[in-house]
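Please read the structure below before turning to the comments.
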Amino acid sequence: MRHLLAFALCLCLAPTWVDAQTYVRATYELSGSRYAWTSSAQGPLIASRGQRTMSSPVLPPGTMPQASGIVTSVRWRYSFVSTPPIDLEAYLCNARRCVLLSGAQGKTDAFAGDDATGGFVFAYRVAGRGGLSPTLQGRSNEVTVSYR
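Going letter by letter, the sequence shown gives residues -20 to -1, 1 to 128 in mature numbering (1 follows the signal peptide of the UniProt record, and there is no 0).
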């Protein structure tokens, strides 16, 4: 319950919280995992510039094997139906933090030590103001969480 409240709080505060944070570029790696889960969700529709658009939560599928449930690393991949604008910003967030992503796919240890049973959301923002024409339709948001 505590994690759900923290996750909801993170999402509610995202417009101000995301702007105020210093982001870790997702480029580091950590080894030593014994378990992993992979899950995906359809990407969101982005219709406006200057606003954050959140994906549906990407949650662990089913029950996890016996482990302490501590994240060691996270791989991500996102895609869109068409080529996204060059000024697209993408973030991967859990209940504790958001990480500015370096590209459409990669691996990070920025979530190391966090709860592996919690979900993630992708957050997107295109710089500027007004409508985005044509709109940008997300295809897929995927994470693979390695944990011990």
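Cβ atoms here follow ideal geometry from the backbone N, Cα and C, with glycine treated the same way.
Checklist entry - Roughly how many angstroms lie between the CA atoms of G42 and Y15, to the nearest whole one? => result 14 Å
Checklist entry - Which residues in the same chain have their Cβ closer than 8 Å to the Cβ of L25, if we skip the five residues on either side of it in sequence? => result T33, T115, L116, Q117, G118
Next on the checklist: At the level of alpha carbons, what is the spacing between N121 and A96?
Outcome noted: 17 Å
Next on the checklist: Could you pull the DSSP bridge partners for N121 from this structure?
Outcome noted: Its beta-bridge partners are A21, Y58.
Checklist entry - Counting Cβ pairs, one atom from each stretch, are 3 or more of them under 8 Å apart for the stretch 106 to 113 and the stretch 76 to 89? => result As far as the Cβ criterion goes, the stretch 106 to 113 does not touch the stretch 76 to 89, which means the pair count is below three.
Checklist entry - Candidates N74, A70, F60: which alpha carbon is nearest P40's? => result N74
Checklist entry - If you run the structure through DSSP and keep just helix, strand and coil, what is G93? => result coil
Item to check | Residue(s) in a DSSP beta bridge with A103 | outcome: M34, Y71
Checklist entry - What number of angstroms, rounded off, separates the C-alpha of S53 from the C-alpha of Y104? => result 21 Å
Checklist entry - Which of the three DSSP states, helix, strand or coil, is assigned to S82? => result coil
Item to check | Neighbour-count burial assignment, D67, 16 or more Cβ in a 10 Å radius | outcome: exposed
Next on the checklist: Using only CA atoms, which one of G98, A21, Q31, P37 lies nearest to S59?
Outcome noted: The shortest Cα separation from S59 among G98, A21, Q31, P37 belongs to A21.
Next on the checklist: Quick check on DSSP: helix, strand or coil for residue 199?
Outcome noted: No information on residue 199 is available, as it lies outside the stretch -20 to 128 that the chain covers here.
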